[in-house]
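J.:
2 protein chains.
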Amino acid sequence: MPRVSDMKERLTDAALDLMWENSYGTTSVDSICERAGSKKGSFYYFFKSKSELTVAALEAEWNKNKANMDALFSPTIPPLERFDRYFDYVHDRLAELQEECGSILGCPLLSIGSEVSTQDAGVRATVDRIWDRKIKYFESAIRDAHAQGLIAAPDPEAKARALFACYHGTLAQARIQNDVGLIRDFKEVARDVLGVKQAHATSS
Amino acid sequence: MPRVSDMKERLTDAALDLMWENSYGTTSVDSICERAGSKKGSFYYFFKSKSELTVAALEAEWNKNKANMDALFSPTIPPLERFDRYFDYVHDRLAELQEECGSILGCPLLSIGSEVSTQDAGVRATVDRIWDRKIKYFESAIRDAHAQGLIAAPDPEAKARALFACYHGTLAQARIQNDVGLIRDFKEVARDVLGVKQAHATSS
DNA sequence: AAAATAGTTGACTAGTCAGTCTAGTCATGT
DNA sequence: ACATGACTAGACTGACTAGTCAACTATTTT
Chain V
1 MPRVSDMKER
11 LTDAALDLMW
21 ENSYGTTSVD
31 SICERAGSKK
41 GSFYYFFKSK
51 SELTVAALEA
61 EWNKNKANMD
71 ALFSPTIPPL
81 ERFDRYFDYV
91 HDRLAELQEE
101 CGSILGCPLL
111 SIGSEVSTQD
121 AGVRATVDRI
131 WDRKIKYFES
141 AIRDAHAQGL
151 IAAPDPEAKA
161 RALFACYHGT
171 LAQARIQNDV
181 GLIRDFKEVA
191 RDVLGVKQAH
201 ATSS
Chain Y
1001 MPRVSDMKER
1011 LTDAALDLMW
1021 ENSYGTTSVD
1031 SICERAGSKK
1041 GSFYYFFKSK
1051 SELTVAALEA
1061 EWNKNKANMD
1071 ALFSPTIPPL
1081 ERFDRYFDYV
1091 HDRLAELQEE
1101 CGSILGCPLL
1111 SIGSEVSTQD
1121 AGVRATVDRI
1131 WDRKIKYFES
1141 AIRDAHAQGL
1151 IAAPDPEAKA
1161 RALFACYHGT
1171 LAQARIQNDV
1181 GLIRDFKEVA
1191 RDVLGVKQAH
1201 ATSS
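Heads up: the protein sequence lines correspond to chains V and Y, in order. Note that this note's numbering gives residue 130 to position 130 of the first sequence, counting from 1, and the numbers run on in steps of one. Plus 1000 on top of the position in the second sequence (first one is 1) and you've got this note's numbering.
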């Protein structure tokens, strides 16, 4: 088997970076190639279309993040603390990216998903699938918290979806207003949504 | 003063419809003109650019909705019921639009804002401004509810922003998953976010 | 060394994009 | 009736779009 290339990964990385910072529509195949140090020919050697590249880029991003998510939501951590750690992690990451590019970027799943949902069934389905996987982390933590009597959540799946939606709304608002403030305060909102019974504050 | 035309309004209407259903990026000036029954010349007679048209379209949409918002959030209505009425109204409207176009469209402010925020300062600022105006309805209802002892909200402005963000996250998720379900259930989530003390259910 | 596989190159097509411009049309005030 | 100013028509430009293709290069197996 001759010649191995890391170009496929470079292309998905470049695509996600550009789409996250700008948008799906304004990210051209040319600009993706330029950032990846590739040419059109290589792009279409690896991917049939911009749409397929996007699906691959989203899945690749998920795979890169999965181990970290598993660690943040490890069952060894008290359930409500998992959320605090996750929200802190995302906050810090977005603040870091803001220093690089000047903007709070929010969540690429929501930005891309919202932009293409009515136009590209493949990308929409991919966003949907990854969205559901991420909700599983929430669901499991909520179920554990409920079992420990920390919160009242008879329907963990619904509660997880609701909290996830609320969080993403906050990330989207932060992107639009280019302000980390709301993200920083989200831990308190999360406690309300979860219905935390007492003061279960966890320091970071 | 010769000749009066309703073309300006037809153009802003067409633009908002197309951008709401599809996206900012995929809505071309040509397609806006076609839907408005206009030609390029008229478009650029009224607007300097697609960006300016978008600003005008968002402001026009706000003006069309304002009276209705004033009614839904009338101080004559018990504060928590205002939210229920508003959420019902948006739900019904989106369900209606879904029958027309097959998709849950979410909120155009979030879709457009999230898409262009890092690229078009004018549109971003407009979204931001209208967003803030809408939050005022929430804030006032929250303050009233707090004064009546229905909820515990010492910082009505922060609570309003949080609830608004949560709601928009739900609308965005509904768009991405093309499912009204979450929107239907949002009233309960809102009660959690607001911290409603007892059962203050209001029937619609 | 040669063949086969894996990847790269960049010019090319055909269509679309936002925006320009000149020549017009049409209702209204005088 | 005619002049004026509000509006419209649509051809045009140049840049950019996604995607194609045939020739090419590099690496590994035999």
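All C-beta atoms in this analysis are idealised placements derived from N, C-alpha and C, irrespective of residue type, glycine included.
1) Cβ closer than 8 Å: which chain V residues qualify as neighbours of His1168(Y)?
2) Residues of chain V with CB under 9 Å from Glu1021(Y), in chain order?
3) Report back the beta-carbon spacing between Ile142(V) and Ala160(V) to the nearest angstrom; my notes put them in contact at under 8 Å.
4) Could you check if Gln213(V) is buried or exposed, using at least 16 other CB atoms within 10 Å of its CB as the buried criterion?
5) Taking Gly181(V) as the reference, give the member of Gly1195(Y), Asp1092(Y) and Ala1162(Y) with the closest Cα.
6) Only counting the same chain, and skipping five residues up and downstream in sequence, which positions put a Cβ closer than 7 Å to that of Tyr137(V)?
7) Please compile the residues from chain V whose C-beta is within a distance smaller than 8 Å of the C-beta of Arg1129(Y).
8) For Gly1122(Y), report the span of its alpha helix (DSSP H) as first-last.
9) Anything in chain Y within Cβ reach of Val193(V), meaning under 8 Å, just list it in chain order.
10) Beta carbon of Ile1112(Y), beta carbon of Trp1062(Y): below 8 Å?
11) Starting from Ile1176(Y), trace the alpha helix (DSSP H) both ways and give me its first and last residue.
12) Kindly indicate the opening and closing residues of the alpha helix (DSSP H) around Gly41(V).
13) So, using beta-carbon positions, are Ala1152(Y) and Lys1197(Y) closer together than 8 Å?
14) Which residues in chain Y sit within 9 Å of Ile176(V), going by Cβ to Cβ distance?
15) On a CA-only basis, which of Val189(V), Asp13(V) and Asp179(V) is nearest Tyr1167(Y)? Give me that one, please.
16) Find the residues of chain Y that neighbour Gly106(V), judging by a C-beta separation of less than 8 Å, and give them in chain order.
17) Assuming Leu171(V) and Cys101(V) are in contact, meaning their beta carbons sit under 8 Å apart, how far apart are those beta carbons, in whole angstroms?
18) So which of Met1007(Y), Glu1096(Y), Asp1155(Y) and Glu1021(Y) has the shortest CA-CA distance to Ala1036(Y)?
19) For Ala158(V), which residues in chain Y fall below 8 Å Cβ to Cβ?
20) Quick check on Ile183(V): does DSSP put it in helix, strand or coil?
21) Are any of the Cβ atoms in chain V nearer than 8 Å to that of Ser1203(Y)?
22) Mind checking who Ile1151(Y) pairs with in its DSSP beta bridge?
23) Exposed or buried, which one is Arg1093(Y) when buried takes at least 16 other CB atoms within 10 Å?
24) Can you give me the start and stop residues for the alpha helix (DSSP H) that Phe1083(Y) sits inside?
25) Going by the beta-carbon positions, is the gap between Ala57(V) and Leu16(V) smaller than 8 Å?
26) Do Ala1014(Y) and Pro1079(Y) come within 8 Å of each other at the CB atom, strictly closer than that value?
27) I need the straight-line Cα distance from Glu1021(Y) to Ser1049(Y), nearest angstrom please.
28) Got a sec: is the Cβ-Cβ distance from Leu97(V) to anything in chain Y below 8 Å?
29) Arg93(V) touches chain Y at which residues, Cβ-Cβ below 8 Å?
30) Any Cβ of chain V within less than 8 Å of the Cβ of Thr1026(Y)?
31) Since I believe Val1193(Y) is in contact with Val193(V) (beta carbons under 8 Å), could you give me their beta-carbon distance rounded to a whole number of angstroms?
32) How about Thr27(V) and Ala60(V): do their beta carbons lie closer than 8 Å?
33) Rounding to the nearest angstrom, what Cα-Cα distance links Glu1115(Y) and Glu81(V) in this structure?
34) Alpha carbons only, please: which of Ser103(V), Glu96(V), Gln98(V) and Thr118(V) is nearest the one belonging to Ile1104(Y)?
35) Using a beta-carbon distance cut-off of less than 9 Å, what residues from the stretch 1030-1052 of chain Y approach chain V?
36) Among residues of its own chain, excluding the 5 on either side of Arg1184(Y), which ones have a beta-carbon nearer than 7 Å to its beta-carbon?
T.: Working from what's here:
1) The contacting residues are Gly169, Ala172 and Gln173.
2) Thr118
3) Taking 8 Å as the upper bound for CB-CB distance, Ile142(V) and Ala160(V) are in contact here, some 5 Å apart.
4) Chain V is shown from 1 up to 204; residue 213(V) falls before or after that span and cannot be answered.
5) Ala1162(Y)
6) Met69 and Phe73
7) Under the 8 Å cutoff, chain V gives no residues; its nearest Cβ is about 11 Å from Arg1129(Y).
8) First-last of the alpha helix (DSSP H) with Gly1122(Y): Ala1121 to Ala1147.
9) Cys1166, Val1189, Asp1192 and Val1193
10) no
11) Pro1156 to Gln1177
12) Where Gly41(V) is concerned, the enclosing alpha helix (DSSP H) stretches over Lys40 to Phe46.
13) yes
14) Leu1109, Leu1110, Gly1113, Ser1114, Ser1117, Arg1124, Val1127, Asp1128 and Trp1131
15) Comparing Cα-Cα distances from Tyr1167(Y) to each of Val189(V), Asp13(V) and Asp179(V), the minimum goes to Val189(V).
16) Ser1114
17) So it is not a contact: roughly 16 Å between Cβ atoms.
18) Cα-wise, what sits closest to Ala1036(Y) is Met1007(Y).
19) Asp1185
20) Here Ile183(V) sits in helix by DSSP.
21) Note that Ser1203(Y) has pLDDT 49, beneath the 50 cutoff, so the model's placement of it is unreliable and no number is given.
22) Val1196(Y)
23) exposed
24) Pro1079 to Cys1101
25) yes
26) no
27) 21 Å
28) Against chain Y, the CB of Leu97(V) has no partner CB under 8 Å away; the residue lies outside that interface.
29) Those within 8 Å of Arg93(V) in chain Y number zero; the least Cβ separation is about 17 Å.
30) yes
31) 6 Å
32) no
33) 33 Å
34) Thr118(V)
35) none
36) His1091
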